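Visitor:
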Amino acid sequence: MPETGGAGAILGTGGIVAVGLYMLTLIGVGIWGRFARKEVSPPDYYLGGRSLGFLVLFFTLYASQYSGNTLVGFAGRAYRQGYAFLVGATFMIAVVGALALFAPKLQRLAAKHNFITPGDFIQHRFGYRPLTIAFSILGIWALANYILSNLKAIGHIVEATTGGVIPFAWGVVILALIMVIYETLGGMRSVAWTDLIQGVILMVGCLLLFVIVMVKYGPMTEVAKRAMTERPEIWQAPSWTGKMTWFSTIVIFFFGVSTYPHMVQRVFAAKSAGSLKRSLQFMAFMPLVTTLLIVTIGIVGAVQFPGLSKGESEQILMIFLNDLGAGNAWVGGLMILFLAASLAAIMSTVDSALLSLSSIFTMDIYLPLKPGTDWKRLTYLGKGFSWIIMALMIWLAMILPQTVWRLIELKLVFFVQAAPALLVGVLYPQIKAKPVYWGMLAGVIVTLILTILEMGFGLLPAKPLGVHSGVWGLLVNFGVLMYVARIQRTIRE
Amino acid sequence: MKKGLLWFLMLFIPVLATPWLFTGSSNVQVLGFPLWGFLALVITVFYALFIAWSLHAYWDGLTGEDDLGNTENSSCTDVSQSSNLDRREDA
Chain V
90 MPETGGAGAI LGTGGIVAVG LYMLTLIGVG IWGRFARKEV SPPDYYLGGR
140 SLGFLVLFFT LYASQYSGNT LVGFAGRAYR QGYAFLVGAT FMIAVVGALA
190 LFAPKLQRLA AKHNFITPGD FIQHRFGYRP LTIAFSILGI WALANYILSN
240 LKAIGHIVEA TTGGVIPFAW GVVILALIMV IYETLGGMRS VAWTDLIQGV
290 ILMVGCLLLF VIVMVKYGPM TEVAKRAMTE RPEIWQAPSW TGKMTWFSTI
340 VIFFFGVSTY PHMVQRVFAA KSAGSLKRSL QFMAFMPLVT TLLIVTIGIV
390 GAVQFPGLSK GESEQILMIF LNDLGAGNAW VGGLMILFLA ASLAAIMSTV
440 DSALLSLSSI FTMDIYLPLK PGTDWKRLTY LGKGFSWIIM ALMIWLAMIL
490 PQTVWRLIEL KLVFFVQAAP ALLVGVLYPQ IKAKPVYWGM LAGVIVTLIL
540 TILEMGFGLL PAKPLGVHSG VWGLLVNFGV LMYVARIQRT IRE
Chain F
68 MKKGLLWFLM LFIPVLATPW LFTGSSNVQV LGFPLWGFLA LVITVFYALF
118 IAWSLHAYWD GLTGEDDLGN TENSSCTDVS QSSNLDRRED A
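Going down the list, the sequences are from chains V and F. In terms of my numbering, the first sequence has 307 at position 218, counting the first letter as 1, and numbering is strictly consecutive. In terms of my numbering, the second sequence has 92 at position 25, counting the first letter as 1, and numbering is strictly consecutive.
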């Protein structure tokens, strides 16, 4: 019987020590990244000197795409929605589908013109400062929200698994400190190398959990028989509104997640076109061995442990582990692996988002204001920004009321309005700046109006006709973009 | 394959995975999934294969030869608003 850390602790003292050692390893990797640096400059700090080969690039893309939501949120959604959440695998692959369209050209342009942030590309491509600023603001909104929601998740996980021995606030502070330390030490190199470790843990954790759940509670044919009779609501095809939401989710991930600034910066950080090409080819299959497995576990949970509330369903993986028998030593080991995988998924996303946010503040906001700043000073400023941003995020994670959190969860519906700038910028050279700018503004305004009507007045559902407000905004965004582009073309002719 | 067609397929194939034609409940199961879910999975696997193949077959076409979108291409070029990159090079 493992010794317990506190009342209701899932992780014993030995487990806490093991996770602590894992955290120390991450700092060790950070120090390694510090010694591997070639120069003190923003390209070296934010992009690892554009030296990421296939293995590191693949795992940093993988670990950055999968956040804490993959393990906790997706399993819970699959529990509640059943087989209808198989869309989870599709929309995660759609992210790679969008990357495949624009990443090859963007990587070549970034290497040629030394882009560091996505804002560099937007400014270079369109030469219109208001558009670059609007693009950067949407990026900051998305990244800050990403960090905030993941920090909150990390605090809850630490508190729950240690039975309160490490309270929420300390969990957030300790893990945030670890992330900002290894990031400051080695920048992108440290982040990417730790992503490699975290990606492997996440992948192994998902595979192992899936195999154990299948052996103990499967096979899926038996689960299906029980679902048909005991939980018919999770077995049947989605309603028309459910289908529209399915379609809408694919669209929002295709355009939104693929253009997240930290994903784009990984494209910039590729050592070569070949390493990026192979990484994306492998990435296309990763949802089948990560998302699909977690979704399947959630479906099995819906049959095995019916009647859980929404909050309880988010703990479905933990419920499986507890049911397997907390007293067994091997289950104790599995719990440590699960916790490590959860922390890995969250930390790999937070550190990437933090580095990206720091680069936007340094290169897109500070540098245009102080154009004479030398690269060494810029690098140190960037590190300082990372600490300030993280401190601010920790503070907000602790004080924000629940009503504000609902708003913060809406990061993707707003950020997706920035996607046409990047996609059109790369793929359609004939489109100029103003159509993209007005389209982006129109998309944000429509999304904001729909959000206010839903959250402020309750006049609309969260997804009118099953479609996310951000997708309605995106439709208007593209519509305005094409209309203004047509007017410009007519005037020119 | 033309750029427009590749664009269309990249977005259209995952949309095909949506079980538009299925309604209600059916007792048909394939490998432990409802028929509509199994078909969605098959299309999803095909989509992953299509992406990997597209990257293999069209990488050179996707990288493009043109150096699009410098400020000369823009109708909104403002010399006083030179890019961050130019400022950095000045620095």
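Backbone N, C-alpha and C define an ideal beta-carbon position, used for all residues, glycine too. What you are looking at is a predicted structure, and each value in this text was computed from that prediction instead of being measured.
With a CB to CB cut of under 7 Å and the five nearest residues on each side skipped, what residues in its chain are close to residue 402(V)?
Guide: Correct list, in chain order: 165, 168 and 169.
Visitor: Got a sec? Which residues, its chain only, sit under 6 Å from residue 343(V) by beta carbon, not counting five neighbours each side?
Guide: Once the five neighbours on either side are set aside, the close Cβ partners of residue 343(V) are 183 and 187.
Visitor: Please specify which runs of the alpha helix (DSSP H), each continuous and at least 4 residues long, are wholly inside the stretch 412-490 of chain V, giving them in chain order.
Guide: List check, alpha helix (DSSP H) in window: 418-448 and 464-488.
Visitor: By the 7 Å beta-carbon criterion, what residues does the stretch 339-360 of chain V contribute toward chain F?
Guide: Taking 7 Å as the Cβ-Cβ cut-off against chain F, the residues of the stretch 339-360 of chain V that qualify are 339 and 343.
Visitor: How would you label residue 136(F), buried or exposed, when you count the other beta carbons within 10 angstroms and need 16 or more for buried?
Guide: For residue 136(F), the predicted structure reports a pLDDT of 49, less than 50, and the residue's modelled location is therefore unreliable. A value from the coordinates is still provided. Buried is the call here.
Visitor: Find the residues of chain F that neighbour residue 336(V), judging by a C-beta separation of less than 8 Å, and give them in chain order.
Guide: 82 and 85, listed in chain order.
Visitor: Which partner residues does residue 96(F) have in the DSSP bridge list?
Guide: According to DSSP, residue 96(F) bridges with 101(F).
Visitor: Looking only at its own chain, which residues have a Cβ that is under 7 Å from the Cβ of residue 44(V), when we skip the five neighbours before and after it?
Guide: A question about residue 44(V) goes unanswered here, because the residues of chain V that appear run from 90 up to 582.
Visitor: I want to verify the contact list: residues of chain F whose CB lies under 9 Å from the CB of residue 170(V), in sequence order.
Guide: None at all; the shortest Cβ gap to chain F is about 11 Å.
Visitor: Looking only at its chain, what residues have a beta carbon closer than 8 Å to the beta carbon of residue 512(V), apart from the 5 residues adjacent to it on each side?
Guide: Excluding residues within five positions, the ones whose Cβ falls inside 8 Å are 187, 190, 191, 344 and 348.
Visitor: With distances taken Cα to Cα, identify the nearest neighbour of residue 583(V) among 239(V), 367(V) and 321(V).
Guide: The structure shown does not extend to residue 583(V), since chain V is modelled only from 90 to 582, so the question has no answer here.
Visitor: Can you tell me which of the three DSSP states residue 69(F) falls into?
Guide: Coil.
Visitor: Whose C-alpha, out of 249(V), 385(V) and 269(V), is nearest the C-alpha of residue 303(V)?
Guide: Closest by alpha carbon: 385(V).
Visitor: Comparing the C-beta of residue 277(V) with each C-beta of chain F, is any distance below 8 Å?
Guide: With 8 Å as the cut-off, residue 277(V) does not count as an interface residue toward chain F.
Visitor: When the cut-off is 8 Å and only beta carbons count, does residue 107(F) lie next to chain V?
Guide: Closer than 8 Å: yes.
Visitor: On the DSSP bridge list, what partners appear for residue 359(V)?
Guide: BP columns for residue 359(V) point to 141(V).
Visitor: Please specify which runs of the alpha helix (DSSP H), each continuous and at least 4 residues long, are wholly inside the stretch 273-344 of chain V, giving them in chain order.
Guide: Runs of the alpha helix (DSSP H) inside the stretch 273-344 of chain V: 309-319 and 321-324.
Visitor: Measuring only the C-alpha atoms, how far is residue 127(F) from residue 366(V)?
Guide: Taking the straight line joining both Cα atoms gives about 11 Å.
Visitor: Output, in chain order, the set of chain V residues within a Cβ distance shorter than 9 Å of residue 129(F).
Guide: Within chain V, the residues near residue 129(F) are 189, 190, 191, 192, 193 and 194.
Visitor: Could you say if the stretch 523-532 of chain V and the stretch 568-577 of chain V meet the contact criterion of at least three C-beta pairs nearer than 8 Å?
Guide: Enough Cβ pairs lie closer than 8 Å, so yes.
Visitor: Please tell me whether residue 197(V) has its Cβ less than 8 Å away from any Cβ of chain F.
Guide: Yes - at least one Cβ of chain F is within 8 Å of the one on residue 197(V).
Visitor: Considering only the alpha carbon of each residue, which of 368(V), 229(V), 276(V) and 541(V) lies closest to residue 449(V)?
Guide: It is 229(V).
Visitor: What does a CB cutoff of less than 8 Å around residue 237(V) pick up in its chain, not counting 5 residues either side in sequence?
Guide: Excluding residues within five positions, the ones whose Cβ falls inside 8 Å are 482, 485, 486, 489 and 497.
Visitor: When the Cα atoms are used, what is the spatial distance from residue 258(V) to residue 305(V)?
Guide: One C-alpha to the other measures close to 36 Å.
Visitor: Can you tell me where the alpha helix (DSSP H) holding residue 156(V) begins and where it ends?
Guide: Premise fails: residue 156(V) is in no alpha helix (DSSP H) and is neither H nor E.
Visitor: Is DSSP giving residue 568(V) helix, strand or coil here?
Guide: In the structure shown, residue 568(V) sits in a helix (DSSP, three-state: H, G or I).
Visitor: Considering only the alpha carbon of each residue, which of 245(V), 577(V), 507(V) and 194(V) lies closest to residue 130(F)?
Guide: Of 245(V), 577(V), 507(V) and 194(V), the residue nearest in Cα terms is 194(V).
Visitor: Using a Cβ-Cβ cut-off of 7 Å (strictly less than) and excluding sequence neighbours within five positions of residue 299(V), which residues of its own chain qualify?
Guide: 382, 385 and 386, listed in sequence order.
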